[in-house]
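*Asks:* Sharing a structure here in structure tokens format.
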Amino acid sequence: MTISDTAPTALSDADLAASAGERADRLTAAGAAWSERIDARRESAHLTYTVHGSGVGAVASALRAGRHEFAVDEPAALAGDDLAASPVEVALGALISCQVVVYRLYAHALGIQVDDIDVTAEGDLDAARLFGKDDSVRAGFESVRLTVRLTGPETAERYEELRAAVDAHCPVLDLFQNPTPVTTTVEVTAA
């Protein structure tokens, strides 16, 4: 797969059309199924995710996660072809999407009505480390700011209760907030 072969995909309203009742039914069913599965066999909660990527174009990557294909690139200023979001934008997007999922899950679990969710993530990154100019700064984000806008009839206290539950249970937020052990293996094949 090459980056130019991939068309941008957007989730249409028709693809995602679900009434609050349908969403509640799906959340209830998924929660019950996972609860039963974990109660029956605790180790069934241990999940492994695999994503495969190959370099294409100047600095882009063609990625596959299960049956989903997507691209990641850099803007021209960072030697890319600007055909897709950058790796750090994808990371912020992963944080946003995980927040949306966990807000939906815990709103349902806590009986807190959320009509709409809109999340913005901003991250500050000093590229001097990337370019080998200043090893005293982090290579990654120095800080990240999340703005979560909720629409619904609940009190501010109920939405704060929801935020606390999401902060305690969001897997991608945990990745941003805590060190994660990473093991890298380089395999070289003769050309």
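Its first residue numbered 129, the sequence shown is counted upward by one per residue in our numbering. C-beta: ideal position from N, C-alpha, C; glycine also.
Okay, do the region 198-211 and the region 278-291 touch, 3+ Cβ pairs below 8 Å being the bar?
*Replies:* Verdict: no, contact absent.
*Asks:* Output the boundary residues of the alpha helix (DSSP H) element that contains S172.
*Replies:* The residue given as residue 172 occupies position 44 in the sequence shown. From DSSP, S172 is part of no alpha helix (DSSP H); its letter is neither H nor E.
*Asks:* When you compare the CB positions of V179 and R192, do they come within less than 8 Å of one another, or not?
*Replies:* Along the sequence shown, read from residue 1 onward, the residue named residue 179 stands at position 51. Along the sequence shown, read from residue 1 onward, the residue named residue 192 stands at position 64. Closer than 8 Å, so yes.
*Asks:* Taking all protein chains shown into account, do 16 or more other C-beta atoms lie within 10 angstroms of the C-beta of Q227, making it buried, or fewer, making it exposed?
*Replies:* For this step, residue 227 is matched to residue 99 along the sequence shown. Its Cβ being crowded by 16 or more others within 10 Å, Q227 is buried.
*Asks:* Taking Cβ positions, are L253 and G268 nearer each other than 8 Å?
*Replies:* Within the sequence shown, numbered from 1, the residue matching residue 253 stands at position 125. Within the sequence shown, numbered from 1, the residue matching residue 268 stands at position 140. For L253 and G268, yes; Cβs fall inside 8 Å.
*Asks:* Between G149 and A199, what straight-line distance do the alpha-carbon atoms span, to the nearest angstrom?
*Replies:* For the purposes of this step, residue 149 is identified with residue 21 of the sequence shown, where counting begins at 1. For the purposes of this step, residue 199 is identified with residue 71 of the sequence shown, where counting begins at 1. Answer to the nearest angstrom: the Cα atoms are 34 Å apart.
*Asks:* Give the DSSP-derived three-state secondary structure of A148 in the structure shown.
*Replies:* Indexing the sequence shown from 1 puts residue 148 at position 20. Helix.
*Asks:* DSSP state of I240, grouped into three classes?
*Replies:* Within the sequence shown, the letter at position 112 stands for residue 240. Looking at I240 - three-state DSSP - the assignment turns out to be coil, as it is neither helix nor strand.
*Asks:* Based on the DSSP secondary-structure assignment, which residues constitute the bridge partners of A284?
*Replies:* Along the sequence shown, one-based indexing puts residue 284 at 156. Paired residues: none, contrary to the question.
*Asks:* Can you tell me which of E315, T311 and L274 puts its alpha carbon nearest to the alpha carbon of Q305?
*Replies:* On the sequence shown, position 177 is the one that residue 305 refers to. The shortest C-alpha separation from Q305 is found at L274.
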